[in-house]
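In this text, residue positions in the sequence shown follow numbering that gives the first Met the number 0: the first is 0, and each later residue adds one.
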Amino acid sequence: MNGEMMLKHAAGVVENRRRRYGEPLDLFDHIAKRWSLVLGTKVTPAQVAMCLIDVKMARLVHDPKHLDSTVDVAGYAAMLREVQR
């Protein structure tokens with residue numbers, strides 16, 4: 000799969016998740032509030048997206064060719080942009 004195809008696939012995954020879980024800002028805001036309680040410090044929706052990207056990056060260290068993790072990084076990057084608006 001080339002880069003353009005991977006990005007199109009990631010866009011499809013993001014759209015599927017949007018239908019299943021709702022708008023990224025609402026979901027990531029909910030996650031941020033939960034993480035804020037657990038961690039005892041304010042977490043923003045953008046920080047949630049960055050942390051999820053970092054989880055996928057850590058997994059890619061162990062398997063750099065794992066397509067699902069690469070697709071997820073692209074999807075979370077798109078959601079990061081949405082929650083920063």
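Backbone N, C-alpha and C fix where the C-beta goes; we use that ideal spot for every residue, glycine too.
DSSP, reduced to helix, strand and coil, places residue 84 outside both helices and strands of the structure shown, so it counts as coil. Secondary structure remark: continuous alpha helix (DSSP H) runs of at least 4 residues inside the region 15 to 59, in chain order: 23 to 38. DSSP places residue 67 within a helical segment (H, G or I) once states are collapsed to three. Inclusion of residue 45 and residue 27 in the CB contact set at 9 Å is warranted, their separation being smaller than that value. A straight line joining the alpha-carbon of residue 15 with that of residue 21 spans about 10 Å.
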